[in-house]
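For the sequence shown, full-length UniProt numbering assigns the number 1 to the initial residue and increments by one for each residue that follows. By construction, the Cβ of each residue, glycine as well, lies at the ideal position given by its N, Cα and C atoms. All values derive from a computational prediction rather than experimental measurement. Before any comments, here is the structure.
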Amino acid sequence: MNVTLSLMPAKTLPKITTISEFPNNPKTLILEQCKTIKDINQIHTHVIKTGLILNPSAVENLLESIALVLPSSMDYALAIFNQVQQPQPEAYNILIRGFNLNQNPEKAILLFKQMKENCIEPDKYTFSCILKSCSILHGLQEGKQIQAHIMKSGFGSSGFVQNTLIHMYANCGKIDIARRVFDEMSERGVITWNSMFAGYTTSSCWEEVIELFQEMLKSDFGFDVVTIISVLTACGRLGNLELGEWLSDYIVEDGLTGNLNLVTSLIDMYAKCGKIDVARSLFDKLLRRDVVAWSAMISGYSQASRCREALDLFQEMQRENIEPNEITMVSVLSSCAVMGAFEIGKWCHFFVKKKRIKLTVTLGTALMDFYAKCGSVENSLDVFKKMPVKNVLSWTVLIQGLASNGEGRKALEYFSQMRIRNIEPNDVTFIGVLSACSHAGLIDEGREFFVSMNRDYGIDPRIEHYGCMVDILARGGFIIEAYQFIKNMPMEPNAIIWRTLLASCKVHKNVEMGEESLRQLVKLEPAHSGDYILLSNVYASVGRFEDATKIRSEMRQKGIKKTPGCSSIEIEGGLHEFFAEDSAHPKSVEIYDAVEKMMKRIKSAGYVPNIAEARLDAEEDEKESSISHHSEKLAIAFGLIKTSPGTTIRITKNLRVCSDCHIATKTISKVFNREIVVRDRNRFHHFKDGSCSCNDYW
Numbered sequence: 001m002n003v004t005l006s007l008m009p010a011k012t013l014p015k016i017t018t019i020s021e022f023p024n025n026p027k028t029l030i031l032e033q034c035k036t037i038k039d040i041n042q043i044h045t046h047v048i049k050t051g052l053i054l055n056p057s058a059v060e061n062l063l064e065s066i067a068l069v070l071p072s073s074m075d076y077a078l079a080i081f082n083q084v085q086q087p088q089p090e091a092y093n094i095l096i097r098g099f100n101l102n103q104n105p106e107k108a109i110l111l112f113k114q115m116k117e118n119c120i121e122p123d124k125y126t127f128s129c130i131l132k133s134c135s136i137l138h139g140l141q142e143g144k145q146i147q148a149h150i151m152k153s154g155f156g157s158s159g160f161v162q163n164t165l166i167h168m169y170a171n172c173g174k175i176d177i178a179r180r181v182f183d184e185m186s187e188r189g190v191i192t193w194n195s196m197f198a199g200y201t202t203s204s205c206w207e208e209v210i211e212l213f214q215e216m217l218k219s220d221f222g223f224d225v226v227t228i229i230s231v232l233t234a235c236g237r238l239g240n241l242e243l244g245e246w247l248s249d250y251i252v253e254d255g256l257t258g259n260l261n262l263v264t265s266l267i268d269m270y271a272k273c274g275k276i277d278v279a280r281s282l283f284d285k286l287l288r289r290d291v292v293a294w295s296a297m298i299s300g301y302s303q304a305s306r307c308r309e310a311l312d313l314f315q316e317m318q319r320e321n322i323e324p325n326e327i328t329m330v331s332v333l334s335s336c337a338v339m340g341a342f343e344i345g346k347w348c349h350f351f352v353k354k355k356r357i358k359l360t361v362t363l364g365t366a367l368m369d370f371y372a373k374c375g376s377v378e379n380s381l382d383v384f385k386k387m388p389v390k391n392v393l394s395w396t397v398l399i400q401g402l403a404s405n406g407e408g409r410k411a412l413e414y415f416s417q418m419r420i421r422n423i424e425p426n427d428v429t430f431i432g433v434l435s436a437c438s439h440a441g442l443i444d445e446g447r448e449f450f451v452s453m454n455r456d457y458g459i460d461p462r463i464e465h466y467g468c469m470v471d472i473l474a475r476g477g478f479i480i481e482a483y484q485f486i487k488n489m490p491m492e493p494n495a496i497i498w499r500t501l502l503a504s505c506k507v508h509k510n511v512e513m514g515e516e517s518l519r520q521l522v523k524l525e526p527a528h529s530g531d532y533i534l535l536s537n538v539y540a541s542v543g544r545f546e547d548a549t550k551i552r553s554e555m556r557q558k559g560i561k562k563t564p565g566c567s568s569i570e571i572e573g574g575l576h577e578f579f580a581e582d583s584a585h586p587k588s589v590e591i592y593d594a595v596e597k598m599m600k601r602i603k604s605a606g607y608v609p610n611i612a613e614a615r616l617d618a619e620e621d622e623k624e625s626s627i628s629h630h631s632e633k634l635a636i637a638f639g640l641i642k643t644s645p646g647t648t649i650r651i652t653k654n655l656r657v658c659s660d661c662h663i664a665t666k667t668i669s670k671v672f673n674r675e676i677v678v679r680d681r682n683r684f685h686h687f688k689d690g691s692c693s694c695n696d697y698w
């Protein structure tokens, strides 16, 4: 087949840099015009042909273009460098900087050693660059050796070098040595102060940041924007609103409100100090909002437990086409974990994988926690296994997640693996371990772990650990032993301890201990409605309905209102909330119709309503209807009509699941062939094929 050449599409040739006349000082040409490796090749060829390869300045310009403009081509730069007969310190400095930019500090240090072996004397820029290499590498020993060279070379008093020394020691966790370098400096400019502020910030020494700033003010040193950002960060971490507001006034008076980084730090400070609405006002006034500003505001909502607003703002961020970063993802995942927003959290995980965001310890642990708190332990385990680096928090989150999802024995297996890998548990880890024993009914194991904490790991039990032990004993039916354990505690028991005992009194129908628990609770938190409800339920469980009614009457007389049960379910990215016998939902007619049909089907399968869980003020003929309209039943019915057959239904409830709803949900899971995951105030319940992961032990 013949084809006329004129009809063929023209091939676009790449644009080549042409050099009409090579200037005497080629730096501008090389650094401004060399943007690709082909440009570099052409310049390199010209330098060789003209003999400029022997000119140190020309070679340094070429190296600078490769190492600093095209840092991914460091091997090429090194090859050129190795051809230079007598490279000057400037050439070494360029390559060391290039290796640092390319996150390859090991090669930078090797090059510095080569420099010393070749008897090339480093200058102050060399020492500054190589100290940065040590900082990136967290190479404390190498840093100390470099400091010895600095002292011998006479640069020990150079402020430029000393600033980098401060940064290196702080980044290597030796903040005390960094401060010693700072204190020994005869002259300190604002850059020196900022180096020390940065060091304290890196080490999370927030109180020291505030103290250093106060010292700076007394010394009458002028501070700059970098200083203010460091101090505002510390104010947020310490909740120092007074100093934060003083800096806020200074920013306004000095006309610095147009600085995005500064205002973002103000937003973060106000959010962390509990002034979330002030933070939002500042955020809304920003003319330009980058990912850092969005992340600060979302993080503020998340930390203030205003998780719905955090997720709403995240969705607004998506509409603005601002791409989230790791910090954004961690805050959003934290809010999803609290809200039980499974679909939004799954999208975040998909985004992390799609954008190949590095699965750091912080991000990975946030993902694990999210999945565990949404009842998906398989996904939590999968993330854990894929994390390249894990710390004690990662293991602790895994153990706690397995425990709360009814996998107590597996949680203890991972605790054993943690110890085999020489990961030292902390006090929070043991809360997870003891919770695992509690949820799995492992009473003897719980006793042993409680003793082991101090005996084997030197960890003194906190009140939270005593609370776990009370739960283990009381939940297991050892009510009297649990009571004696409380009386022998080395600290005064708090309301949570007595409430834990009271909750078990209902399960084991121990009226006497229930009454004693409430007597103690009234002294500590006299207006807590849940405590009166629990004792009322204890009376009802043994048929003492008159006493149960008296407790409710006492509540009304004291003006104590019962916390309403609320259950939420996520459907197509939207969260729907239901209250018992509530008709506020726009689909309430359809939902109540679905509930009626659902209750009929499970009754046919053998479910018998437990009317003891009905409202005490309900008439006899209303009691069955009352319990059928509990919030979790409304949420489940909504899930059945709004999700595809076979889809897992996930419910989050603010209170403990009642015994009737527990029995009903087990039957629903079998009749409708659905897995139903309910997260209540205490734990997760995985209902499947007519049984629950808690083995009716909750």
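Nearest to E570 by C-alpha distance, out of H528, K562 and R679, is R679. For C566, the enclosing beta strand (DSSP E) begins and ends at C566 to I571.
Here E554 carries a helix assignment [DSSP, helix/strand/coil]. Between I210 and A234 a beta carbon distance of about 6 Å is seen, short of the 8 Å cut, so the two are scored as contacting.
In this model, I175 and L434 are separated by some 36 Å (Cα to Cα). For R650, the enclosing beta strand (DSSP E) covers residues I649 to K653. Rounded to whole angstroms, S693 and M317 show a C-alpha spacing of 38 Å. In the DSSP assignment, the residues bridged to F684 are R679.
Judged by beta-carbon spacing, I94 lies within the 7 Å limit of E64, meaning their Cβ atoms are closer than that value. In this structure, the beta-carbon distance from G559 to A580 does not fall below 7 Å. Its Cα nearest to that of V377, the residue Q400 stands out among N391, K355 and Q400.
Judged by beta-carbon spacing, L313 lies within the 7 Å limit of I298, meaning their Cβ atoms are closer than that value. Beta-bridge partners assigned by DSSP to F578: S567. With fewer than 16 neighbouring CB atoms inside 10 Å of its own CB, Q484 falls in the exposed class.
A contact between stretches requires three or more CB pairs, one per stretch, nearer than 8 Å, and the stretch 545-561 fails this requirement with the stretch 320-331.
Remark: C-beta atoms of S195 and I166 approach each other more closely than 7 Å.
Under the three-state reduction of DSSP output, C692 falls in the strand class. Pairing M489 with F687, the inter-Cα distance amounts to about 37 Å. The Cβ neighbour count for A637, taken over all protein chains shown within 10 Å, is at least 16; the residue is labelled buried. Relative to the Cα of V181, the nearest Cα in the group S158, E407, V538 and S203 belongs to S158. Going by beta carbons, D123 and P87 fall outside the 7 Å limit. Short of 7 Å from the beta carbon of I431, and not among the five residues preceding or following it, lie these beta carbons of its own chain, in chain order: E464, H465 and C468. Contact check between the stretch 436-444 and the stretch 405-412: three or more CB pairs, one atom from each, fall below 8 Å, which counts as touching. DSSP places S158 outside both helix and strand once states are collapsed to three, so it counts as coil. DSSP, read as helix, strand or coil, puts V389 in coil. A residue is called buried once 16 or more other Cβ atoms fall within 10 Å of its Cβ, and A605, having fewer, is exposed. Secondary structure within the stretch 102-145: not one fully enclosed beta strand (DSSP E) run of 3 or more consecutive residues is present.
Counting C-beta pairs closer than 8 Å gives three or more between the stretch 499-507 and the stretch 470-481, which meets the contact rule. Annotation note: the UniProt repeat "PPR" (158-192) contains the following uninterrupted alpha helix (DSSP H) runs of length 4 or greater, listed N- to C-terminal: 159-171 and 175-184. Using a Cβ distance threshold of 7 Å, H349 and L363 do not count as a contacting pair. In the DSSP assignment, A474 falls within the unbroken alpha helix (DSSP H) covering I463 to R475. In the three-state scheme derived from DSSP, where H, G and I count as helix and E and B as strand, H149 is classed as helix. With respect to R237, W206 sits close: the two C-beta atoms are nearer than 7 Å.
In the structure shown, the three-state DSSP call for A482 is helix.
Around W498, the same chain offers S517, Q520 and L521 as residues with beta carbons nearer than 6 Å, after the five sequence neighbours per side are excluded. Here L260 is not near S248, since their CB atoms are 7 Å or more apart.
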